[in-house]
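Participant: In the working numbering, each number is its position in the sequence shown, counted from 1, plus 20. Here it is: the structure, laid out below.
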Amino acid sequence: MKQQIVALLSGLLFGFGLGLSQMMDRDRVLGFLDVTGNWDPTLLFVLGGAVSVTVIAFRFVLRRSQPLFAPRFVLPTRQTIDLKLLGGAALFGVGWGIAGYCPGPGITALVLGVWNPVIFLAALIAGSLAYQWISDR
Numbered sequence: 021m022k023q024q025i026v027a028l029l030s031g032l033l034f035g036f037g038l039g040l041s042q043m044m045d046r047d048r049v050l051g052f053l054d055v056t057g058n059w060d061p062t063l064l065f066v067l068g069g070a071v072s073v074t075v076i077a078f079r080f081v082l083r084r085s086q087p088l089f090a091p092r093f094v095l096p097t098r099q100t101i102d103l104k105l106l107g108g109a110a111l112f113g114v115g116w117g118i119a120g121y122c123p124g125p126g127i128t129a130l131v132l133g134v135w136n137p138v139i140f141l142a143a144l145i146a147g148s149l150a151y152q153w154i155s156d157r
């Protein structure tokens with residue numbers, strides 16, 4: 021139960037941060053991706069802040085023998101780059117460039133009361149189900 025409460029609080033904090041930094045505004049994200057037009061560097065600063073906090077925090081967190089509310093750390097061990105990874109990254113990037121959303125901001129933007137994030141979320145679910153169906157074959 022503690023893990024679920026921490027996950028909920030983390031998600032709420034993340035959503036608040038997305039709203040505060042205006043990253044759930046798809047026009048701001050698309051403005052960042054428009055490097056030949058009216059480029060908006062805001063996302064670069066948000067990303068820089070997030071990476072800085074992560075680099076500093078992970079130094080302390082990973083010194084612990086285990087997480088606070090879990091029996092062990094679950095960290096990725098795979099170090100190879102394969103076609104599935106590259107294809108997934110490319111598909112993610114194309115989708116992000118078309119929609120202006122990635123999953124976190126897309127879900128958070130549902131509170132705005134506009135249709136774009138609803139359409140995005142429907143496409144995200146459809147794509148996830150399609151991948152699951154294809155990968156099972």
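Beta carbons are placed, not taken as given, at the ideal position from N, Cα and C, and that holds for glycine.
Could you compute how far the alpha carbon of Phe93 sits from the alpha carbon of Pro87?
Facilitator: Going by the C-alpha atoms only, they are around 6 Å apart.
Participant: Can you tell me whether Gly107 is helix, strand or coil according to DSSP?
Facilitator: Helix.
Participant: Do you know how far the Cα of Gly57 is from the Cα of Gly51?
Facilitator: In a straight line, the C-alpha of Gly51 is about 8 Å away from that of Gly57.
Participant: By the DSSP assignment, the alpha helix (DSSP H) with Asp47 in it spans what residues?
Facilitator: From DSSP, the alpha helix (DSSP H) with Asp47 extends over Arg46 to Leu53.
Participant: Alpha carbons only, please: which of Thr74, Arg79 and Met44 is nearest the one belonging to Thr62?
Facilitator: Of the candidates Thr74, Arg79 and Met44, the one whose C-alpha sits nearest the C-alpha of Thr62 is Met44.
Participant: Just to confirm the assignment, what range does the alpha helix (DSSP H) spanning Phe93 have?
Facilitator: Unbroken run through Phe93: none, as it is neither H nor E.
Participant: If you compare alpha carbons, which of Leu141, Ser85 and Leu105 is closest to Cys122?
Facilitator: Cα-wise, what sits closest to Cys122 is Leu141.
Participant: Pull up the distance between the alpha-carbon of Arg157 and that of Ala150, whole angstroms please.
Facilitator: The straight-line gap from Cα to Cα measures roughly 11 Å.
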